[in-house]
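A.B. asks: Attaching a single structure in C-alpha cells format; questions to follow.
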Amino acid sequence: MKISPSEFNYTQFPGKTLASKLIESALAYKTNPLADQNKGKGKRLGCIFLNPSLRTRVSTQIAASNLGIESVVLNMDKEAWALEMEEGATMNKNTVEHIKDAAGVLGSYFDFLAVRAFPTLTDKSADMADEVINKFIKYTGRPIISLESALRHPLQSLADQVTIKEKAKTTKPKVVLTWAPHIKAIPHAVANSFAEWTLGMDYDLTITHPEGYELDEQFTQGAKIEYDQSRALQNADFVYVKNWSSFKDYGKIHHTDPTWMLTENSLKNAPDAHVMHCLPVRRNVELSDEILDGSRALIQQQAANRVFAAQAVLSHLLDI
Amino acid sequence: MKISPSEFNYTQFPGKTLASKLIESALAYKTNPLADQNKGKGKRLGCIFLNPSLRTRVSTQIAASNLGIESVVLNMDKEAWALEMEEGATMNKNTVEHIKDAAGVLGSYFDFLAVRAFPTLTDKSADMADEVINKFIKYTGRPIISLESALRHPLQSLADQVTIKEKAKTTKPKVVLTWAPHIKAIPHAVANSFAEWTLGMDYDLTITHPEGYELDEQFTQGAKIEYDQSRALQNADFVYVKNWSSFKDYGKIHHTDPTWMLTENSLKNAPDAHVMHCLPVRRNVELSDEILDGSRALIQQQAANRVFAAQAVLSHLLDI
Amino acid sequence: MKISPSEFNYTQFPGKTLASKLIESALAYKTNPLADQNKGKGKRLGCIFLNPSLRTRVSTQIAASNLGIESVVLNMDKEAWALEMEEGATMNKNTVEHIKDAAGVLGSYFDFLAVRAFPTLTDKSADMADEVINKFIKYTGRPIISLESALRHPLQSLADQVTIKEKAKTTKPKVVLTWAPHIKAIPHAVANSFAEWTLGMDYDLTITHPEGYELDEQFTQGAKIEYDQSRALQNADFVYVKNWSSFKDYGKIHHTDPTWMLTENSLKNAPDAHVMHCLPVRRNVELSDEILDGSRALIQQQAANRVFAAQAVLSHLLDI
Chain A
3 MKISPSEFNY
13 TQFPGKTLAS
23 KLIESALAYK
33 TNPLADQNKG
43 KGKRLGCIFL
53 NPSLRTRVST
63 QIAASNLGIE
73 SVVLNMDKEA
83 WALEMEEGAT
93 MNKNTVEHIK
103 DAAGVLGSYF
113 DFLAVRAFPT
123 LTDKSADMAD
133 EVINKFIKYT
143 GRPIISLESA
153 LRHPLQSLAD
163 QVTIKEKAKT
173 TKPKVVLTWA
183 PHIKAIPHAV
193 ANSFAEWTLG
203 MDYDLTITHP
213 EGYELDEQFT
223 QGAKIEYDQS
233 RALQNADFVY
243 VKNWSSFKDY
253 GKIHHTDPTW
263 MLTENSLKNA
273 PDAHVMHCLP
283 VRRNVELSDE
293 ILDGSRALIQ
303 QQAANRVFAA
313 QAVLSHLLDI
Chain B
3 MKISPSEFNY
13 TQFPGKTLAS
23 KLIESALAYK
33 TNPLADQNKG
43 KGKRLGCIFL
53 NPSLRTRVST
63 QIAASNLGIE
73 SVVLNMDKEA
83 WALEMEEGAT
93 MNKNTVEHIK
103 DAAGVLGSYF
113 DFLAVRAFPT
123 LTDKSADMAD
133 EVINKFIKYT
143 GRPIISLESA
153 LRHPLQSLAD
163 QVTIKEKAKT
173 TKPKVVLTWA
183 PHIKAIPHAV
193 ANSFAEWTLG
203 MDYDLTITHP
213 EGYELDEQFT
223 QGAKIEYDQS
233 RALQNADFVY
243 VKNWSSFKDY
253 GKIHHTDPTW
263 MLTENSLKNA
273 PDAHVMHCLP
283 VRRNVELSDE
293 ILDGSRALIQ
303 QQAANRVFAA
313 QAVLSHLLDI
Chain C
3 MKISPSEFNY
13 TQFPGKTLAS
23 KLIESALAYK
33 TNPLADQNKG
43 KGKRLGCIFL
53 NPSLRTRVST
63 QIAASNLGIE
73 SVVLNMDKEA
83 WALEMEEGAT
93 MNKNTVEHIK
103 DAAGVLGSYF
113 DFLAVRAFPT
123 LTDKSADMAD
133 EVINKFIKYT
143 GRPIISLESA
153 LRHPLQSLAD
163 QVTIKEKAKT
173 TKPKVVLTWA
183 PHIKAIPHAV
193 ANSFAEWTLG
203 MDYDLTITHP
213 EGYELDEQFT
223 QGAKIEYDQS
233 RALQNADFVY
243 VKNWSSFKDY
253 GKIHHTDPTW
263 MLTENSLKNA
273 PDAHVMHCLP
283 VRRNVELSDE
293 ILDGSRALIQ
303 QQAANRVFAA
313 QAVLSHLLDI
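Going line by line, the protein sequences match chains A, B and C. Reminder that position 138 of the first sequence reads as 140 in my numbering, one-by-one numbering, no gaps. Reminder that position 183 of the second sequence reads as 185 in my numbering, one-by-one numbering, no gaps. Reminder that position 14 of the third sequence reads as 16 in my numbering, one-by-one numbering, no gaps.
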C-alpha cells in the first residue's frame, strides 16, 4: 500500500460520499465480478478470526479472489495463541501472546488485514474502546478491514445498504430497526452499524425495542426511538430485525418477550415492507418462518451481496 | 453450471454406464493429472465439513486444483455455526443457524458444493432420509458432491472401483465385504456404498458379518450374505474390510469378536486375495499388521486414487 | 522431486556450507521476494500441523506462494484423526489412525511435506528419538521440512541466523542464550536448535541458566555454560532469551525465579547487545516491556525473516 495505514481503515461508516461510491462499486461488481480480476495481483490479505464466521469468512475470501488478491485465513482462536490485550500486563496467566507482538508480525506478512473480534459483553469499557480492532490498527502498521468488531460490522452494513439501494422506491425510504427476542446475550455491532449507516445515508430511521434495550446513543442520534413496535412498523419500507443484549445493563438479557418476534401479523400495517436480517437467525424466535420463507425477505440477497460489498472495499483499498 | 442443479448430484451410485465412464476418466487423470488444468477456470467449489476428514479433504482440494477449480474449505462444525435441521423448529436451543439459511447462502457463493455430513447413529429415521445432504441439495440450488453422508460415501466407492479395475484379472471378480471388529460405533456409509457400487458393476459380491450386523437391504440386494467368514473368503479376489455398527439395533455395538479381525490366517483359502480398506483403520483390531504391511494390501493405492476419483467427478460436473 | 527423499530432509542443522548458502539465499529473497515466482509451479506442499502455530503457519504459506508452490494446510489435530505412533500397537484406545497409514497417504498427495509435531514432555525416550517427524520421514517417502519437532526448530533457527547476519559487526560475535522464567512447561526445541546453529556457524556461544536446566549435551557441546546470568551477558552482541523446562528431570519446572527475567538492568554490562526471541513471548515474565519495545529488540525482524528462511529452504528443495 502506498498510504500510511492510519489514513484509511475500514472499521466504521466512511462518510456519505465514500459510502455512496462503495455502494455503486458493489453493484457494478455484482454485474461483473471479474471486471478487475488482476487489480490486486501480488497483494496479500490476512483474514484473522478471533470468533466463528460463515458469510463473512467465505465472502471475503471470494471477494479477494475476484480481484486477484491472495487471502490467507488464520483462525487465531483455534490455530494460534490466546492473545493478551492489556498494555503492561505481566503475562503469567492464560494468555500466550500479546496482541502487539502478534499484530506486528502479521503486519509484516500481509499487505492488509481483515479482523473479526467480537466484544466481551462483560468488560464494557474495553468493548466501548473497540480495543482489539484498534490494537490491530495500532500495531500492524497496515490498513485494517473490520470483519465485525465490538462496536460495528461495516461490511455487513455496506451489503445491507447495497440491498436497500436495489429495492428502494424512494430516495428517503422509511427504515425500521426492530429488536427481536433471543435466548443468548448478543453483541450490538450489527445494530449499531446499521443505524450509523442508515442515518449516514440520510434515510428515515426508526428504532424500536423494549425499554431498557436502548443502544449506545453515539450510533442512534437522529433516529426516532419508539417503544411500541406496531406503531414503529407502520408503513415501513424496510424492517431490519436484530436482537441485542442490554447496553445500559451491559451484556445482560432483560427479557425475551415473544410478542416482539416479527411475524406477518406484526406487519399488517406495513404491506410493502421488505424484511432484512444479517444471519444467522434463530427461526421462530427472532422471526417467523412465514416471513423468512416469504416474498418480503431480502435476507438471502443481503448475504449474497456480502461478496460485492467486500470486493468494493478491497478495490477501494487498492486504489489508495 | 448450465444445468438445473437437481439434474445431477453426486451422492450415490450413478448407474453402470456413468460409473464406468468415471472409472475410465479417473484412470486417465491418474496418467496425466494436469490434462485439463484449465477446464474449471473461474469455477468455485465450497468444501463443507461437518465432521473430520483427512483423505477426502485433501484429495478433493487437489482434484479441484488439477482442474483449475478454486476450492474454499469451511469447517462448518468448528469455524461457523451449529446447524438446525428440523423444518419449522423454534430455535431456542443450541442450534444457531437453520440449514436452509446456511445452504442458501453457500449456494450463492459457490458454483458447486461438496459436503461431508456423518449420520447421528441415534436418529435412524433422519439418517435413513440422509437428511443433511438432502437439505443441502434442496436449499443450495447447486450441484452437490457427497464427501460422505449418512448413507453413502460415493467418492470413496469410485476410488475403490478404480482400484479394483486396476487389479482385476477377470471381468467378474469375486469380491467379499467383511465386517471387522471395532471399539466404537461406526457409520454404515462406506459399507453401503461399496456394496451398491460393486453390485452395480455386476461383480460377484459376498457380504459376511456376525448375525445382527445385517446392512440395510436396499444396498445389499443381489449379494450373497454369509455368516461364516472363512467360507465367505474362499477364493476371493478382493476382500474389503470394514466395521459398521448394527443397523437393526441402530447404531449399537453388539460385540467385537476378535476372531473377525482379518489376518493372513483368515485368507488361507484365498491365496490371491487383495485386501482393501478405506482408512482410517484400527490396526490389529480390524486388520492385522501383517496384512496391512504386506503385498496383498491395496490400501495406499485406494487412498492415492481418491484424487483421481474426485477429479473425474468434478470434470464430469463441468461437462454437464 | 528427483531425489530419493531420504537424501534431504530439513529437520536439523544442515552443515555450515549449506547453512551459509541458505542464509544468503534468504537475504536475497528478502530483497526480491518474487525473484523465483514460477520456480515451484506445479509442486504441492502439505503443511501438517499437530499443534498450534501463527508465524510458522503463515510464513510457510507465504514462502511457498512466493515460489509458485501450492500449499495446503491440514490441522491434523483438529480437522483429521488422532494418530497412533507405536509400531505394532493394537489400536483399541483413543488413536484413530496409525501414523504410517496417514503419512503414506499424505506422501501420495504432496511433493513435499512440512510437519509440526511438538514433544510430549512426558515420554523422554519418544521425544529424544524425535519420533513423530522421523516417522513422517520414514513413511511418506517425500522430503520433510520440520516446522518444529520434539528436538529442533530449524526454520526458526535459520531465520535467527539470517537476523544475526544482518546485524553482526564482527565475524565471531558473542552470542548468549539465556534461560528465562515461564509458568508452563516449555519444549527444548528452539533452544536446542539455536545452540546447534550458532555453534555450527562458529560463533562464540555462552549458555546461561539456573542449575538443573542443562540442555541435552548433544546440542551444546562447544558452548560455555555459565550459571551466573550477569557474568554470561557481559559484552554480549546478541542475547537470545528463551524458556525451557528441565531436560534432566524431564519436562518439569524447577522454579520460575523472576530475577532471571531479562531487563535493561540485566544488560547494564552489555551496552550494544541485541535481544532476540522466537515469539510467542510472555511479556514481563520472560522479558520486560522495556526491552521488547526498545531499540535492542530484533524480535519483529526475526519473525519477518521467517518468510525468507522458509523460502530459501523450499527453493533449495526445488533445486535438488
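Just so you know, even glycine gets a beta-carbon here, dropped at the ideal spot from N, CA and C.
Within a Cβ cutoff of 6 Å, which residues of the same chain sit near residue 7 of chain B, ignoring the five residues on either side of it in sequence?
C.D. replies: Start at 1 with the first residue of the second sequence, and residue 7 of chain B comes out as number 5. Unreliable placement is indicated for residue 7 of chain B, whose pLDDT of 46 sits below 50; the coordinate value is still reported in the next sentence. Non-local C-beta neighbours of residue 7 of chain B in its own chain, meaning closer than 6 Å and more than five positions away in sequence, comprise 143, 144 and 145, ordered along the chain.
A.B. asks: Please work out which residues of its chain come closer than 8 Å, Cβ to Cβ, to residue 20 of chain C, disregarding the five sequence neighbours upstream and downstream, and give them in chain order.
C.D. replies: Here residue 20 of chain C is taken as the residue at index 18 of the third sequence, counted from 1. Closer than 8 Å at the Cβ level, and outside the excluded window around residue 20 of chain C, lie 318.
A.B. asks: Please tell me whether residue 246 of chain A and residue 189 of chain A are closer than 8 Å, where the distance is taken between their beta carbons.
C.D. replies: Here residue 246 of chain A refers to the residue found at position 244 of the first sequence. Here residue 189 of chain A refers to the residue found at position 187 of the first sequence. Yes.
A.B. asks: So, does the region 123-136 of chain A touch the region 239-257 of chain A, judging by three or more C-beta pairs under 8 Å?
C.D. replies: Contact between the region 123-136 of chain A and the region 239-257 of chain A is present, because at least three Cβ pairs lie under 8 Å.
A.B. asks: Give me the Cβ distance between residue 206 of chain B and residue 174 of chain B, rounded to the nearest whole Å; I'm assuming they're in contact under 8 Å.
C.D. replies: Along the second sequence, read from residue 1 onward, the residue named residue 206 of chain B stands at position 204. Along the second sequence, read from residue 1 onward, the residue named residue 174 of chain B stands at position 172. That belief holds up - the Cβ atoms of residue 206 of chain B and residue 174 of chain B are roughly 6 Å apart, short of 8 Å.
A.B. asks: Our contact map puts residue 281 of chain B next to residue 107 of chain C with C-beta atoms below 8 Å; I'd like the distance itself, whole angstroms only.
C.D. replies: Here residue 281 of chain B corresponds to residue number 279 of the second sequence, with the count starting at 1. Here residue 107 of chain C corresponds to residue number 105 of the third sequence, with the count starting at 1. That pair is a contact at about 7 Å.
A.B. asks: On the three-pair Cβ rule with 8 Å, is the region 276-292 of chain C touching the region 75-89 of chain C?
C.D. replies: no
A.B. asks: Which chain A residues sit within Cβ distance under 8 Å of residue 19 of chain B?
C.D. replies: Start at 1 with the first residue of the second sequence, and residue 19 of chain B comes out as number 17. The contacting residues do not exist; residue 19 of chain B stays about 36 Å from chain A at best.
A.B. asks: Quick check: residue 261 of chain B and residue 292 of chain B, are their CB atoms within less than 8 Å of each other?
C.D. replies: Position 259 of the second sequence, counted from the start, is the residue given in the question as residue 261 of chain B. Position 290 of the second sequence, counted from the start, is the residue given in the question as residue 292 of chain B. In this structure, residue 292 of chain B does not lie closer than 8 Å to residue 261 of chain B by Cβ.
A.B. asks: Name the chain A residues that come within less than 9 Å of residue 46 of chain B, Cβ to Cβ?
C.D. replies: Mapped onto the second sequence, residue 46 of chain B falls at position 44. Going along chain A in sequence order, the residues near residue 46 of chain B (Cβ under 9 Å) are 64 and 67.
A.B. asks: Residues of the region 287-317 of chain A with a CB closer than 7 Å to any CB of chain B: list them in chain order, please.
C.D. replies: 287, 291, 302, 305, 306 and 309
A.B. asks: Per DSSP, residue 280 of chain B is paired with what?
C.D. replies: Translated into positions along the second sequence, residue 280 of chain B becomes position 278. Per DSSP, none; premise fails for residue 280 of chain B.
A.B. asks: In this structure, what does DSSP give as the bridge partners for residue 285 of chain A?
C.D. replies: On the first sequence, residue 285 of chain A is found 283 positions in, with the first residue counted as 1. DSSP lists A:289 as partners of residue 285 of chain A.
A.B. asks: Would DSSP call residue 29 of chain C helix, strand or coil?
C.D. replies: Residue mapping note: residue 29 of chain C aligns to position 27 of the third sequence, counting from 1. Helix, per DSSP.
A.B. asks: Please report the residue range of the alpha helix (DSSP H) in which residue 165 of chain C lies.
C.D. replies: By one-based count along the third sequence, residue 165 of chain C stands at place 163. If you look at residue 165 of chain C, you'll find it in the alpha helix (DSSP H) that goes 156-169.
A.B. asks: Quick one: is the Cβ of residue 47 of chain A within less than 7 Å of any heavy atom of the ligand SAM?
C.D. replies: With respect to small molecules bound, the structure shown includes none, and the ligand SAM cannot be examined in it.
A.B. asks: In the structure shown, what three-state DSSP assignment does residue 108 of chain B receive?
C.D. replies: Counted from its first residue, the second sequence places residue 108 of chain B at position 106. The answer is helix: DSSP assigns residue 108 of chain B an H, G or I state.
A.B. asks: Taking only the alpha-carbon atoms, compute the straight-line gap between residue 95 of chain C and residue 151 of chain A and give it to the nearest angstrom.
C.D. replies: The residue labelled residue 95 of chain C in the question sits at position 93 within the third sequence. The residue labelled residue 151 of chain A in the question sits at position 149 within the first sequence. The alpha-carbon atoms of residue 95 of chain C and residue 151 of chain A are separated by roughly 43 Å.
A.B. asks: Taking just the CA atoms, how far does residue 109 of chain B sit from residue 44 of chain A?
C.D. replies: Walking along the first sequence from the start, residue 44 of chain A turns up at place 42. Walking along the second sequence from the start, residue 109 of chain B turns up at place 107. Those two C-alpha atoms are separated by around 29 Å.
A.B. asks: Is the number of C-beta pairs between the region 24-40 of chain A and the region 305-314 of chain A that are closer than 8 Å three or more?
C.D. replies: yes
A.B. asks: Between which two residues does the alpha helix (DSSP H) containing residue 126 of chain B stretch?
C.D. replies: Translated into the one-based positions of the second sequence, residue 126 of chain B becomes position 124. First-last of the alpha helix (DSSP H) with residue 126 of chain B: 126-130.
A.B. asks: Any Cβ of chain C within less than 8 Å of the Cβ of residue 263 of chain A?
C.D. replies: Reading the first sequence from its first residue, position 261 is the one you call residue 263 of chain A. Taking CB atoms only, residue 263 of chain A has no neighbour in chain C less than 8 Å away.
A.B. asks: Hey, could you find the ends of the alpha helix (DSSP H) residue 61 of chain A is sitting in?
C.D. replies: Here the question's residue 61 of chain A lines up with position 59 in the first sequence. Element bounds for residue 61 of chain A: 57-68.
A.B. asks: Between residue 130 of chain C and chain B, is the shortest Cβ-Cβ distance under 8 Å, so that the two count as touching?
C.D. replies: Numbered from 1 along the third sequence, position 128 holds the residue referred to as residue 130 of chain C. Not an interface residue.
A.B. asks: Report, in whole angstroms, the separation of the C-beta atoms of residue 236 of chain B and residue 272 of chain B, which I expect to be a contact under 8 Å.
C.D. replies: Taking the second sequence and counting its residues from 1, the one referred to as residue 236 of chain B is at position 234. Taking the second sequence and counting its residues from 1, the one referred to as residue 272 of chain B is at position 270. Correct: roughly 6 Å between the Cβ atoms.
A.B. asks: Spatial neighbours of residue 2 of chain C within its chain, please: C-beta separation below 8 Å, excluding the five flanking residues on both sides.
C.D. replies: Chain C is shown only over 3 to 322; residue 2 of chain C falls outside these bounds and no answer can be derived.
A.B. asks: Considering just the uninterrupted stretch of the beta strand (DSSP E) at residue 46 of chain B, what are its terminal residues?
C.D. replies: Here residue 46 of chain B is taken as the residue at index 44 of the second sequence, counted from 1. Where residue 46 of chain B is concerned, the enclosing beta strand (DSSP E) stretches over 46-51.
A.B. asks: Opposite residue 228 of chain B in the DSSP bridges: which residues?
C.D. replies: Against the second sequence, residue 228 of chain B aligns to sequence position 226. B:210, per the DSSP bridge assignment.
A.B. asks: Using beta-carbon positions only, say whether residue 47 of chain B and residue 116 of chain B come within less than 8 Å of one another.
C.D. replies: Numbered from 1 along the second sequence, position 45 holds the residue referred to as residue 47 of chain B. Numbered from 1 along the second sequence, position 114 holds the residue referred to as residue 116 of chain B. Their beta carbons are under 8 Å apart, which means residue 47 of chain B touches residue 116 of chain B by this criterion.
A.B. asks: Please classify residue 59 of chain A as buried or exposed, where buried requires at least 16 neighbouring CB atoms within 10 angstroms.
C.D. replies: One-based indexing of the first sequence puts residue 59 of chain A at position 57. Residue 59 of chain A is buried by the Cβ-count criterion.
A.B. asks: Just to confirm before moving on: does the CB-CB distance between residue 149 of chain A and residue 160 of chain A stay below 8 Å?
C.D. replies: As a working mapping, residue 149 of chain A is identified with position 147 in the first sequence. As a working mapping, residue 160 of chain A is identified with position 158 in the first sequence. For residue 149 of chain A and residue 160 of chain A, no; Cβs fall outside 8 Å.
A.B. asks: From the DSSP output, which residues share a beta bridge with residue 73 of chain A?
C.D. replies: Start at 1 with the first residue of the first sequence, and residue 73 of chain A comes out as number 71. DSSP output for residue 73 of chain A lists A:47 as bridge partner(s).
A.B. asks: Sort C:167, C:275, C:153 and C:287 by Cα distance to residue 221 of chain C and report the nearest one.
C.D. replies: Here residue 221 of chain C refers to the residue found at position 219 when the third sequence is read from its first residue. Closest by alpha carbon: C:153.
A.B. asks: Mind checking the region 274-286 of chain B against chain C and listing, in chain order, the residues whose C-beta falls within less than 8 Å of any C-beta there?
C.D. replies: Listed in sequence order: 281, 282, 283, 284, 285 and 286.
A.B. asks: Any idea which residues DSSP pairs residue 100 of chain C with across the strands?
C.D. replies: Taking the third sequence and counting its residues from 1, the one referred to as residue 100 of chain C is at position 98. Answer is C:86.
A.B. asks: How close, in whole Å, do the beta carbons of residue 316 of chain C and residue 65 of chain C come, if the pair is a contact with beta carbons under 8 Å?
C.D. replies: The residue labelled residue 316 of chain C in the question sits at position 314 within the third sequence. The residue labelled residue 65 of chain C in the question sits at position 63 within the third sequence. Confirmed, Cβ separation roughly 6 Å.
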